[in-house]
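A.B. asks:
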Amino acid sequence: MFPTFLSSLKNASALLGMNARNLHYVRPFNLSRAREIADDKLLSKKILRRAKVPVPDLLATIKSRSQLLEFDWESLPDSWVLKPNRGFGGGGILVVFARKKGRNDAWVKADGSTVTVPDIVSHVRNILDGAFSLSGTGDEAFFEERLKLLKLFKPYSYRGIPDIRIIVYNRVPVMAMLRLPTRASDGKANLQLGGIGVGIDIATGVTTTAVLGKSKVIEYVPGTRLLLSGVKIPYWEEILETAVRAQEASGLGFLGADVAIDREKGPVFLELNARPGLSIQIANLAGLKARLERVCGLKIRSVSHGVRVGRDLFGGEVEEEVENLSGKKVIGSVEKVKLIGRNGKEIEVKAKIDTGAYSTSIDRELARNLGFGETIEAFDKLDLSSFELSPENEAEIKKEVFRAAEGKVPHLADVATVFSSSGESIRPVVRLSFVMDGVLIPAKVNIVDRSHLKYRMIVGKRNLRRFLVDVDK
Amino acid sequence: MNTIAVNFGIPIDTISLLVLFPLVATLVALLRQIVGIKAFGIYTPSIVTLVFFTIGLKYGIAIYIAVITVGMATRLILRHLRILYLPRVAITITVVSLVTLGILIIGASMGRTGFAAVSPLPLLILIILVEKFVAVQIEKGSRAAMLLAGETLLVSLLGYALLSYDKVVYTFLAHPWLILLIIPFNVLLGKWSGLRLTEYFRFREVLKKMR
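Residue numbers (my numbering), protein chains in the order written: chain V, 1215 to 1687; chain D, 25 to 235.
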């Protein structure tokens, strides 16, 4: 016990402690003007937008009681987020998901409870009075668009939206972690409140190790068997660029950048932090100080240069030699695939990699388990006997069947016509994302009975663009 | 210097408190920067130390714990009322004062005159601390506030121990210029950028498994 403790002390010089953070990084690099920007969400939004950093759209602001009295509540959209301008630690944020059915003046929260206009008025009044602000003095309230959860993250997060914290120093992304809201943290992606932090390999954007709360190292999402490592964060390059650009715009030399991913918009910048927490080191099982020292004094010419330097310096030791040559990943002829269902449910299956097939297909039973039961039943009920399928009229038939099925079959994305050795068939196509070898693939897959076949899924050419197939693997 | 001051009619207690106060403040700073015990800033633990010093450890700790517990309970009750900060603190202070009064009355009725003899000013200082506590509770949650209250108590007890150590007190009273050494010492403390002792514990997993 004791010798291992001593040898572990050697690593201490790589760690960044609170004293060194304040003395060597926050104080000299985050000047008060820049800190003011970080503490004022409306101002940082404005400055970031001017610098072409994507931020959530501002819907409305309420700066005074008279503005509150005159506010036109019907102008709000179906879903929105209400925030105090100078809030901290996620306090005072109100999120609604939809308008209450048949009402113009009431919305529904994540837990299903209703929020009416009088509720919102009293909440805004509290914000204006400074109940949630850092200094306890008067504040402003604003409404912004609600970001939509990426399907990939659904099984990993409780209610809220996960975000990605990136430490940027000298225009280089130095360390990153994915923060997941949990039941304990009440849907907020805040480690101090009991959220999960998952370390991310800067080079690849794939998650590595994880921490729950402030110091507990974990492997799975608590209460599930969902592995936290090996998740490939989509838009990784863009996310890093967004963070670096935000540093340039804000003037914070030592920045904790929070970026979220919206289902439709992609990476969106959330928040600037002038005093980023240190738990990111536990999530990554790596020391910040050693990394910051390697970056200090480097001449970084541009945003993309900074991102490249970060990826080169702080990439993990993942064996990716071949993959780097072609930029494609090498997979075998049978691969484990993690399917992400409509309900957020994940199912892992072995899939056959079939370069002879054009598109990907999955078994009916499997599709049912992934939440497409209604789709299958409704599609089966369609009367398709009038369609005589042949290679000549294929395109036309596809269009007609889709038109006939539209509205009747839920979640139908398209219709596939397949000619194979076993005859021709018309199949329903749904949108389904899956993860193969750490890569998230948003796909359209067709559903067919494969119960008599060895593999319940085949992956076709259309979804293999980013891979090379090694038959010996 | 002390003799001069005494000759001018300045009470010896005042002098010793003024001389020892920087010492307590420095201890608080040292415990934060080197050890990593947080406490509610520097004011609270220093003043609590001095309160303990004037009214005695027994009553001091009893009232401190009573104030924190009652403050916590009041906050839990008031949470549902959604009222603004200052009125809320005022209500909390009211409740805490009443409870303290209750403790004094019960103590006196049981013949424990020591409680009733506690001088009022230190008592009020302890009661007003509830504001700090409520502020942290709002900002960081009840658990963090309880932890900080505990840490504050610990720091104050260490301060009390320091002030009860006769040798230290006499040395500083006999040579008040020693206080000047505290300034360069704090400069060094302020430049210390090593890990705090508690951080070795917080980062133990990283230290063990660092790649």
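Just so you know, even glycine gets a beta-carbon here, dropped at the ideal spot from N, CA and C.
Taking all protein chains shown into account, decide if residue 184/D is buried (16 or more other Cβ within 10 angstroms of its Cβ) or exposed.
C.D. replies: Buried is the call here.
A.B. asks: Going by C-alpha to C-alpha distance, which of 1424/V, 1390/V, 1323/V and 1397/V sits closest to residue 1418/V?
C.D. replies: It is 1390/V.
A.B. asks: So which residues of chain D does residue 1431/V contact, with C-beta pairs closer than 7 Å?
C.D. replies: Those within 7 Å of residue 1431/V in chain D are 229.
A.B. asks: I'd like to know whether the C-beta of residue 1343/V is nearer than 9 Å to at least one C-beta of chain D.
C.D. replies: At least one chain D Cβ lies under 9 Å of residue 1343/V.
A.B. asks: Look at residue 1426/V and residue 1444/V and say whether their C-beta atoms are less than 9 Å apart.
C.D. replies: Not in contact: residue 1426/V and residue 1444/V (Cβ atoms no closer than 9 Å).
A.B. asks: Is residue 1317/V helix, strand or coil when you go by DSSP?
C.D. replies: Three-state result, residue 1317/V: coil.
A.B. asks: Chain V beta carbons: is any one of them nearer than 9 Å to that of residue 161/D?
C.D. replies: Taking Cβ atoms only, chain V never reaches closer than 9 Å to residue 161/D, which makes this a no.
A.B. asks: Please report the distance separating the alpha-carbon of residue 32/D from that of residue 39/D.
C.D. replies: Each residue's Cα considered, the two are about 12 Å apart.
A.B. asks: Can you list, in chain order, the residues of its chain whose CB lies under 6 Å from that of residue 156/D, leaving out five sequence neighbours each side?
C.D. replies: Answer for residue 156/D: 64 and 68, listed in chain order.
A.B. asks: Return the CA-CA distance between residue 1689/V and residue 1598/V, expressed in angstroms with no decimal places.
C.D. replies: Past the boundaries of the shown model lies residue 1689/V; chain V is included only from 1215 to 1687, so the question cannot be answered.
A.B. asks: Determine the direct distance from the alpha carbon of residue 94/D to that of residue 153/D, and round the result to whole angstroms.
C.D. replies: Between residue 153/D and residue 94/D, the C-alpha separation is close to 12 Å.
A.B. asks: Counting only C-beta atoms, is residue 1316/V closer than 9 Å to chain D at any point?
C.D. replies: No, because no Cβ of chain D sits closer than 9 Å to the Cβ of residue 1316/V.
A.B. asks: Ignoring anything shorter than 4 residues, give me the alpha helix (DSSP H) runs that lie fully in the segment 65-135 of chain D, in order along the chain.
C.D. replies: DSSP runs (the alpha helix (DSSP H)) wholly in the segment 65-135 of chain D: 67-79, 81-102 and 109-133.
A.B. asks: Hey, quick one: how far does the alpha helix (DSSP H) through residue 1569/V stretch, first residue to last?
C.D. replies: Per DSSP, residue 1569/V belongs to no alpha helix (DSSP H) and is neither H nor E.
A.B. asks: Nearest by alpha-carbon distance to residue 1648/V: which of 1565/V, 1249/V, 1504/V and 1434/V is it?
C.D. replies: Cα-wise, what sits closest to residue 1648/V is 1565/V.
A.B. asks: Compute the beta-carbon to beta-carbon distance between residue 1682/V and residue 1503/V, rounded to the nearest angstrom, for a pair I have assumed lies under 8 Å.
C.D. replies: The Cβ separation is near 39 Å, so there is no contact.
A.B. asks: Would you list, in sequence order, the uninterrupted alpha helix (DSSP H) runs of no fewer than 4 residues that lie entirely inside the segment 1483-1555 of chain V?
C.D. replies: Counting whole runs of 4 or more residues, the segment 1483-1555 of chain V contains the alpha helix (DSSP H) stretches 1494-1498, 1502-1509, 1517-1527 and 1535-1540.
A.B. asks: At the level of alpha carbons, what is the spacing between residue 1225/V and residue 1451/V?
C.D. replies: Taking the straight line from one Cα to the other gives about 30 Å.
A.B. asks: What is the residue span of the beta strand (DSSP E) that residue 1339/V lies within?
C.D. replies: Run containing residue 1339/V: none in the beta strand (DSSP E); it sits in the alpha helix (DSSP H), 1331-1342.
A.B. asks: Applying a beta-carbon distance threshold of less than 9 Å, which residues of chain D neighbour residue 1671/V?
C.D. replies: Those do not exist, as residue 1671/V stays about 35 Å from chain D at its closest Cβ, beyond 9 Å.
A.B. asks: Just checking: is the beta-carbon of residue 1501/V within a distance shorter than 9 Å of some beta-carbon in chain D?
C.D. replies: Yes, residue 1501/V lies at the interface with chain D (some Cβ there is under 9 Å from its Cβ).
A.B. asks: Give the straight-line distance between the Cα atoms of residue 1639/V and residue 1633/V, rounded to the nearest whole angstrom.
C.D. replies: Each residue's Cα considered, the two are about 7 Å apart.
A.B. asks: Identify every residue that forms a DSSP beta bridge with residue 1355/V.
C.D. replies: Paired residues: 1276/V and 1298/V.
A.B. asks: Beta-carbon separation of residue 196/D and residue 203/D under 9 Å?
C.D. replies: For residue 196/D and residue 203/D, yes; Cβs fall inside 9 Å.
A.B. asks: Spatial neighbours of residue 1550/V within its chain, please: CB distance less than 7 Å, with the 5 preceding and 5 following residues excluded, ordered by chain position.
C.D. replies: For residue 1550/V, where only same-chain residues beyond five positions count, the Cβ hits under 7 Å are 1562 and 1564.
A.B. asks: Check whether the segment 1461-1472 of chain V and the segment 1379-1390 of chain V touch, using three or more Cβ-Cβ pairs below 8 Å as the test.
C.D. replies: Taking 8 Å as the limit for Cβ pairs, the verdict is that the segment 1379-1390 of chain V does touch the segment 1461-1472 of chain V.
A.B. asks: Buried or exposed for residue 35/D, going by 16 or more other Cβ atoms inside 10 Å?
C.D. replies: Exposed is the call here.
A.B. asks: In the DSSP assignment, what residue or residues form a beta bridge with residue 1648/V?
C.D. replies: Paired residue(s): 1553/V and 1655/V.
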